[in-house]
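Scroll down for the structure; my scribbles are underneath it.
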Amino acid sequence: MDLLDIKELRATLREDGKEILKGVNLKVRAGELHAIMGPNGSGKSTLANVVMGNPKYEITSGKIRFKNKTINDLSVDQRARLGIFMSFQYPQEISGIRLRSFLMSASHNLKNDESILKKSRELEKLADEIGIGREFIDRYLNLGFSGGEKKKTEIMQMHFLKPVLAILDEIDSGLDVDAIRSIAASIKSFKSPENGVILITHYERLLEYIEPDYVHIYVDGSIVMTGGPELARDIEERGYERDWKAFREA
Ligand code: ADP
Ligand code: MG
Ligand code: MG
C-alpha cells in the first residue's frame, strides 16, 4: 500500500517567500525504509516540516498524499492523527512539561485509550530498551538532556506513539558510535510491514546498521538521484560535489 506519495511539491518559507522545495517527488509504501541524504542547507528538514504541516512553510504547488488522501491542507494535529510522526533535528527543551505527561497527552490525543498505568509501564520498558534512565521520563522535556539523550527521547516517542509513517530528521547527528548503533537497533525493531520510515541523514554511518530499501540524494530542494545502499557508500567516498543537474536532466 502507498503510504506517502509526494508529487512535484514546491514550498516556500512564508516569512520571505523564498522557495526551498523545488519539485520533490517521493513515494513510500508500507514496509519500506527510505534514506534521504543531502548536503547541509539543501532543504531536507524543510521537506520533513512541510510533510508534517508546519505553518511556517507554504505549499505553492504539487501534492502530498497520505494513504490516497490529499493532506496539503491538513493541520499538524490532523496529520499526526492519521499516523504521521516527525522527530526533530533540534528537539526543543520545554520547561514545565514532563516527558511522561507530554507522551500521555499525545497518546490520548491520538485516541489510544489504554489505561494510564499500562501506558506508564510501557514507557518504562521503552526507556530500558532504548537505554535511557527511567528518571528521564519524569524530567522536563529535553531540558538539560545531552544531544544523545534528546535523540533517544525522540525515538522513544516514536515507539510509544506507533506512527504509520515516521520521519526521522538527523536522528544520528551528534551521536557517538555506540548511541548510533543503539538507535539503529531501535529503528529496526520499529520497522514493520505495516509502517514506513524516512531517515534523513548527512552521513552513511547510520545506514551501515540499517539497510535502507532506497537511498535518495537530495540537493537544492529536490531528489536528484535514487538508488540502493550502494549509493550511500558512494556519497561517503566521493561526497556531494558533482554535477547533479546533469543527472537530473539525463
Ligand atoms: P537541511 O535540513 O537540508 O540542512 P533546511 O531545510 O534546514 O536544510 O534549510 C534549507 C534552506 O532554507 C536553508 O537555506 C535554511 O536557512 C532555509 N530555511 C529553512 N527553514 C527556515 C526558517 N524557518 N527560517 C529561515 N530560513 C529557513
Ligand atoms: Mg542541516
Ligand atoms: Mg536539516
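The sequence shown begins at 1 in full-length UniProt numbering and counts up one residue at a time. A virtual CB, placed ideally from N, CA and C, is assigned to each residue, including glycine. Note that the structure is a prediction, hence the values are computed from the model and not measured.
Backbone CA spacing between residue i and residue j [nearest angstrom]
{"i": "R238", "j": "M104", "result": "45 Å"}
{"i": "A185", "j": "S146", "result": "20 Å"}
{"i": "Q157", "j": "L199", "result": "16 Å"}
{"i": "F66", "j": "D169", "result": "19 Å"}
{"i": "F160", "j": "L126", "result": "8 Å"}
{"i": "I84", "j": "I94", "result": "22 Å"}
{"i": "I235", "j": "K44", "result": "16 Å"}
{"i": "L47", "j": "L123", "result": "30 Å"}
{"i": "D128", "j": "S120", "result": "13 Å"}
{"i": "D16", "j": "V51", "result": "20 Å"}
{"i": "R242", "j": "R134", "result": "46 Å"}
{"i": "N68", "j": "I167", "result": "18 Å"}
{"i": "R81", "j": "V224", "result": "31 Å"}
{"i": "T226", "j": "F136", "result": "39 Å"}
{"i": "Q89", "j": "R14", "result": "20 Å"}
{"i": "I130", "j": "I217", "result": "29 Å"}
Residue burial classification, residue i (beta-carbon count within 10 angstroms, cutoff 16)
{"i": "E114", "result": "exposed"}
{"i": "T153", "result": "buried"}
{"i": "T70", "result": "exposed"}
{"i": "L117", "result": "exposed"}
{"i": "S61", "result": "exposed"}
{"i": "P163", "result": "buried"}
{"i": "S182", "result": "buried"}
{"i": "N109", "result": "exposed"}
Same chain only: Cβ atoms within 7 Å of residue i, ignoring 5 sequence neighbours per side
{"i": "P193", "result": "A30, G31"}
{"i": "K150", "result": "P91, N142"}
{"i": "G53", "result": "L74, S75, V76, R79"}
{"i": "F102", "result": "L141"}
{"i": "P229", "result": "L207, E211, P212, V215"}
Residues of its chain near residue i, where Cβ-Cβ distance is below 6 Å and the 5 sequence neighbours each way are ignored
{"i": "E19", "result": "T12"}
{"i": "S222", "result": "K22, G23, V24"}
{"i": "Y240", "result": "P39"}
{"i": "I59", "result": "A11, N72"}
{"i": "W244", "result": "V219, V224"}
Contact under 9 Å by Cβ, residue i with residue j
{"i": "I155", "j": "T201", "result": "no"}
{"i": "V177", "j": "I187", "result": "no"}
{"i": "G174", "j": "G144", "result": "no"}
{"i": "V219", "j": "S42", "result": "yes"}
{"i": "N49", "j": "M86", "result": "yes"}
{"i": "Y140", "j": "I180", "result": "no"}
{"i": "L33", "j": "K191", "result": "yes"}
Same chain only: Cβ atoms within 8 Å of residue i, ignoring 5 sequence neighbours per side
{"i": "A232", "result": "A35, M37, E204, L207, P212, V215"}
{"i": "D138", "result": "R98, L99, R100"}
{"i": "K63", "result": "D5, I6, K7, E8, L9, T70, N72"}
{"i": "I132", "result": "E149, K152, T153, M156"}
{"i": "I165", "result": "Per the sequence shown, residue 165 should be read as Leu rather than Ile. Same-chain partners within the cutoff: L3, L4, V28, F66, G83, I84, F85, N195, G196, V197, I198."}
{"i": "G96", "result": "Y140"}
beta-carbon residue i near ligand 4 non-hydrogen atom, thresh 8 Å
{"i": "Y218", "result": "Although ligand 4 was asked about, the structure shown includes only ligand 1, ligand 2 and ligand 3 as ligands."}
Could you name the residues whose beta carbon sits closer than 7 Å to any heavy atom belonging to ligand 3, keeping them in chain order? K44, S45, Q89, D169, E170, I200
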